[in-house]
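Engineer: Dropping a structure here in structure tokens format, bear with me for questions.
There are 2 protein chains.
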Amino acid sequence: MADGTSAATKRQEGQVPDIVIGRLPLYLRTLILLEKEGKEVTSSQELGKQLGISSAQIRKDLSHFGEFGKQGTGYAVSYLKGQLKEILNLDEVWSVALIGFGDLGHALVHYNRFSERRFNIELIFDADPDKIGHVINGIIIQNAEKIEEIIKAKGIKIAILAVPIEVAQTVTDKLVNAGVRAILNYAPITLKNIPQDVKVQTIDPIAHLQKMTYYLG
Amino acid sequence: MADGTSAATKRQEGQVPDIVIGRLPLYLRTLILLEKEGKEVTSSQELGKQLGISSAQIRKDLSHFGEFGKQGTGYAVSYLKGQLKEILNLDEVWSVALIGFGDLGHALVHYNRFSERRFNIELIFDADPDKIGHVINGIIIQNAEKIEEIIKAKGIKIAILAVPIEVAQTVTDKLVNAGVRAILNYAPITLKNIPQDVKVQTIDPIAHLQKMTYYLG
DNA sequence: TAGATTGTTAATCGATTAACAATC
DNA sequence: TAGATTGTTAATCGATTAACAATC
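These protein sequence lines map, in sequence, to chains A and B.
According to the working numbering, the first sequence is numbered sequentially starting from 1.
According to the working numbering, the second sequence is numbered sequentially starting from 1.
Spelled out as structure tokens, the structure:
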């Protein structure tokens with residue numbers, strides 16, 4: 001994530017590194033898994049083994065936010081899970097706008113894990129007149145021209161961008177303008193003109209594959 | 001990513017950091033974009049601006065592999081693109097096996113960028129008897145029980161894992177056993193028992209969203 | 001208690017940036 | 001030439017790891 005930290009916006013005392021924030025969801029994911037397996041207590045060592053990282057790193061990461069464990073015994077799974085959820089602002093249900101209803105958009109709408117994790121896709125937009133008006137999972141596909149108007153009206157802060165490359169930047173400008181603060185970007189392009197308080201995460205499967213083929217030489 | 005490489009490497013002065021390898025596909029992506037725009041020459045500054053990273057970092061990254069630019073003028077777009085493709089082993093067509101033909105698998109098969117970038121999905125597997133035997137894009141959906149047999153026979157090195165969490169590890173074991181060396185994993189779980197020479201990249205959209213909600217507090 | 005594990009400090013390791021001679 | 005930009009070195013910055021006192 002480009003956090004746009006410049007000399008003028010030096011990391012303030014007590015601010016947690018972005019790379020640490022990125023690991024918290026993995027810790028949470030693992031705790032949920034352990035809980036499902038019936039584990040009530042865990043340790044930095046066990047978590048580390050599950051995730052393939054060191055126990056020291058986990059303890060260090062958590063120490064940015066407080067003390068959650070007990071010497072000699074470790075962490076109560078349910079408690080730590082709750083604390084991480086709170087830290088990550090996951091106690092509320094987040095409304096999400098999906099932009100683009102092609103194959104990917106279709107798959108995302110049917111991906112149950114979004115709602116399981118309390119990300120509710122509440123709006124769908126597309127530019128194709130043949131799609132506009134159709135109802136998917138009780139959601140009407142809206143005209144992409146109304147993105148700003150409707151998102152602003154609903155106060156939605158999170159958008160999933162699943163549009164073709166060519167329109168990704170234009171749509172992004174609209175989303176930012178509509179007050180969106182987090183964009184999950186599936187277009188394989190670096191989005192520009194992102195204000196400091198708007199976060200972007202780009203998912204590009206091709207980039208992942210190409211990173212791996214390097215090692216297949 | 002573990003660097004599982006023998007002493008007999010192509011590069012004498014040691015290993016290129018994995019984090020650098022991860023940026024090469026982004027450089028390539030940007031060069032392709034610039035080429036499409038008709039640009040014949042670019043610079044580390046321009047590339048950096050496009051990607052939101054420093055020009056120094058781009059020059060440093062490229063310097064691990066050789067000298068590709070000219071002082072005063074910069075880089076020939078087409079040439080640098082070709083060099084990066086070569087470095088990343090992208091001159092050949094890679095056959096890919098897709099495991100799991102749910103909504104996500106469906107979207108992936110229809111995602112043209114895979115074939116555009118020379119990743120050809122050649123095999124599809126699913127465990128559902130209702131799906132086995134159906135033909136998608138000229139590819140028969142095969143019984144998941146034949147994963148090892150068929151992948152081994154075809155010598156396929158890259159797999160995309162789009163199966164439910166519960167079976168992800170079991171399928172992974174089979175893939176590794178069948179000789180797969182790169183796994184693009186869409187199951188939100190850390191895969192275990194991965195040999196050093198097998199690479200895994202996990203894509204978890206929920207983790208990305210949760211990273212961003214931290215900042216929405 | 002004895003063993004285990006946390007939270008934290010200090011040391012190490014690695015990545016990024018700044019700066020500049022070389023040179024197109 | 002004058003301006004621009006590379007490739008590289010050294011300095012800086014930041015992240016990870018090791019180690020251990022505290023203590024459950």
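Ideal Cβ positions, reconstructed from N, Cα and C, are used throughout, including at glycine.
Can you list, in chain order, the residues of the region 32 to 58 of chain A whose Cβ is nearer than 8 Å to any Cβ on chain B?
Structural biologist: Going along the region 32 to 58 of chain A in chain order, one finds L33, Q50, L51, G52 with a Cβ nearer than 8 Å to chain B.
Engineer: Nearest to F125 (chain B) by CA position, among B:L184, B:A162, B:K157, is which residue?
Structural biologist: Sequence index remark: in the second sequence, residue 125 (chain B) carries index 125 (1-based). Selected option, being the one with the closest Cα: B:A162.
Engineer: Residues of chain A with CB under 7 Å from G22 (chain B), in chain order?
Structural biologist: Reading the second sequence from its first residue, position 22 is the one you call residue 22 (chain B). Going along chain A in sequence order, the residues near G22 (chain B) (Cβ under 7 Å) are K211.
Engineer: Measure the alpha-carbon distance for L209 (chain B) versus Q201 (chain A) and round it to whole angstroms.
Structural biologist: As a first step, residue 209 (chain B) is located in the second sequence; it is residue number 209 there, counting from the start. As a first step, residue 201 (chain A) is located in the first sequence; it is residue number 201 there, counting from the start. So the alpha carbons of these two residues sit roughly 8 Å apart.
Engineer: Listing by chain order, which chain B residues have their CB less than 7 Å from the CB of T199 (chain A)?
Structural biologist: The residue labelled residue 199 (chain A) in the question sits at position 199 within the first sequence. The residue asked about is misnamed: residue 199 (chain A) is Lys in this sequence, not Thr. Neighbours of K199 (chain A) on chain B, chain order: M212, Y215.
Engineer: Only counting the same chain, and skipping five residues up and downstream in sequence, which positions put a Cβ closer than 7 Å to that of D204 (chain B)?
Structural biologist: Position 204 of the second sequence, counting from 1, holds the residue named residue 204 (chain B). Taken in chain order, the residues that qualify are P188.
Engineer: Give the straight-line distance between the Cα atoms of R117 (chain A) and A76 (chain A), rounded to the nearest whole angstrom.
Structural biologist: Counted from its first residue, the first sequence places residue 117 (chain A) at position 117. Counted from its first residue, the first sequence places residue 76 (chain A) at position 76. Approximately 21 Å between the Cα atoms of the pair.
Engineer: Compute the distance between the beta-carbons of V41 (chain B) and G74 (chain B), then report whether it is under 7 Å.
Structural biologist: Walking along the second sequence from the start, residue 41 (chain B) turns up at place 41. Walking along the second sequence from the start, residue 74 (chain B) turns up at place 74. Yes, the Cβ-Cβ distance between V41 (chain B) and G74 (chain B) is below 7 Å.
Engineer: Between the C-alpha atoms of S115 (chain B) and V16 (chain B), what's the straight-line distance to the nearest angstrom?
Structural biologist: Mapped onto the second sequence, residue 115 (chain B) falls at position 115. Mapped onto the second sequence, residue 16 (chain B) falls at position 16. Each residue's Cα considered, the two are about 28 Å apart.
Engineer: Taking the continuous beta strand (DSSP E) assigned at A76 (chain B), which residues delimit it?
Structural biologist: Position 76 of the second sequence, counting from 1, holds the residue named residue 76 (chain B). Note, A76 (chain B): beta strand (DSSP E), 74 to 76.
Engineer: Closer than 9 Å, Cβ to Cβ, to anything on chain B: give me those residues from the region 57 to 79 of chain A, in chain order.
Structural biologist: Result list empty, no residue passes.
Engineer: Verify whether the separation of the beta carbon atoms of A107 (chain B) and L123 (chain B) is less than 7 Å.
Structural biologist: Counting from one through the second sequence, the residue named residue 107 (chain B) turns up at place 107. Counting from one through the second sequence, the residue named residue 123 (chain B) turns up at place 123. No.
Engineer: Suppose only complete runs of 3+ residues qualify. What are the beta strand (DSSP E) ranges in the region 135 to 192 of chain A, listed by chain order?
Structural biologist: Whole beta strand (DSSP E) segments, 3+ residues: 139 to 143, 158 to 161, 182 to 185.
Engineer: Drop a sphere of 10 angstroms on the beta-carbon of P129 (chain A), count the other beta-carbons inside from all chains shown, and report buried for 16 or more, exposed for fewer.
Structural biologist: If you number the first sequence from 1, residue 129 (chain A) lands on position 129. With fewer than 16 Cβ atoms within 10 Å of its Cβ, P129 (chain A) is classed as exposed.
Engineer: What's the gap between the Cα of S104 (chain A) and the Cα of Y111 (chain B)?
Structural biologist: By 1-based counting over the first sequence, the position of residue 104 (chain A) is 104. By 1-based counting over the second sequence, the position of residue 111 (chain B) is 111. The sequence as given places Leu at residue 104 (chain A); Ser does not occur at that position. Distance between the alpha carbons of L104 (chain A) and Y111 (chain B) is about 8 Å.
Engineer: Return the first residue and the last residue of the alpha helix (DSSP H) that A207 (chain B) is part of.
Structural biologist: Locating residue 207 (chain B) in the second sequence gives position 207, where the first residue counts as 1. Unbroken alpha helix (DSSP H) run through A207 (chain B): 205 to 213.
Engineer: Would you mind listing the alpha helix (DSSP H) stretches within the region 11 to 69 of chain A that are 4+ residues and don't spill past its ends, in chain order?
Structural biologist: As far as the region 11 to 69 of chain A is concerned, its whole alpha helix (DSSP H) runs of at least 4 residues are 18 to 36, 44 to 51, 55 to 63.
Engineer: Measuring CA to CA, which of A:I136, A:P25, A:I140, A:N193 is closest to G82 (chain A)?
Structural biologist: Looking up residue 82 (chain A) in the first sequence gives position 82. Out of A:I136, A:P25, A:I140, A:N193, A:P25 has the C-alpha closest to the C-alpha of G82 (chain A).
Engineer: Using the Cα positions of A153 (chain A) and S95 (chain A), report the straight-line distance between them to the nearest angstrom.
Structural biologist: Residue 153 (chain A) sits at position 153 when you count from the first residue of the first sequence. Residue 95 (chain A) sits at position 95 when you count from the first residue of the first sequence. In a straight line, the C-alpha of A153 (chain A) is about 13 Å away from that of S95 (chain A).
Engineer: What residues of chain A sit near D91 (chain B), judged by a beta carbon separation below 8 Å?
Structural biologist: Counted from its first residue, the second sequence places residue 91 (chain B) at position 91. Those do not exist, as D91 (chain B) stays about 10 Å from chain A at its closest Cβ, beyond 8 Å.
Engineer: Check each residue of the region 113 to 141 of chain A: if its Cβ is closer than 8 Å to any Cβ of chain B, include it; give the result in chain order.
Structural biologist: Going along the region 113 to 141 of chain A in chain order, one finds R113, F114, R117, F119 with a Cβ nearer than 8 Å to chain B.
Engineer: What are the boundary residues of the alpha helix (DSSP H) that F114 (chain B) is part of?
Structural biologist: Position 114 of the second sequence holds residue 114 (chain B). Taken as a continuous stretch (DSSP letters only), the alpha helix (DSSP H) holding F114 (chain B) covers 112 to 116.
Engineer: Just grab the DSSP bridge partners of Q201 (chain A) for me.
Structural biologist: Translated into the one-based positions of the first sequence, residue 201 (chain A) becomes position 201. Beta-bridge pairing links Q201 (chain A) to A:L184.
Engineer: For K211 (chain A) and G22 (chain B), I'd like the C-alpha separation in whole angstroms.
Structural biologist: Translated into positions along the first sequence, residue 211 (chain A) becomes position 211. Translated into positions along the second sequence, residue 22 (chain B) becomes position 22. Rounded to the nearest angstrom, the two C-alpha atoms are 5 Å apart.
Engineer: Among A:I165, A:I150, A:A56, A:K85, which residue has its Cα nearest to the Cα of L175 (chain A)?
Structural biologist: On the first sequence, position 175 is the one that residue 175 (chain A) refers to. When only C-alpha atoms are compared, the closest one is A:I150.
Engineer: Comparing C-alpha positions only, which one of B:I165, B:Y215, B:Q142 sits nearest to I158 (chain A)?
Structural biologist: Translated into positions along the first sequence, residue 158 (chain A) becomes position 158. Closest by alpha carbon: B:Y215.
Engineer: How far does the beta strand (DSSP E) with D126 (chain B) in it extend, from its first residue to its last?
Structural biologist: On the second sequence, position 126 is the one that residue 126 (chain B) refers to. 119 to 126 is the span of the beta strand (DSSP E), which, as asked, contains D126 (chain B).
Engineer: For a contact meaning CB atoms closer than 8 Å, what does T172 (chain A) contact in chain B?
Structural biologist: Looking up residue 172 (chain A) in the first sequence gives position 172. Ordered by position in chain B, no residue passes the 8 Å Cβ test against T172 (chain A), which lies about 13 Å from the chain.
Engineer: If you reduce the DSSP assignment to three classes, tell me which class I87 (chain B) lands in.
Structural biologist: Taking the second sequence and counting its residues from 1, the one referred to as residue 87 (chain B) is at position 87. If DSSP states are grouped into helix, strand and coil, I87 (chain B) belongs with the helices.
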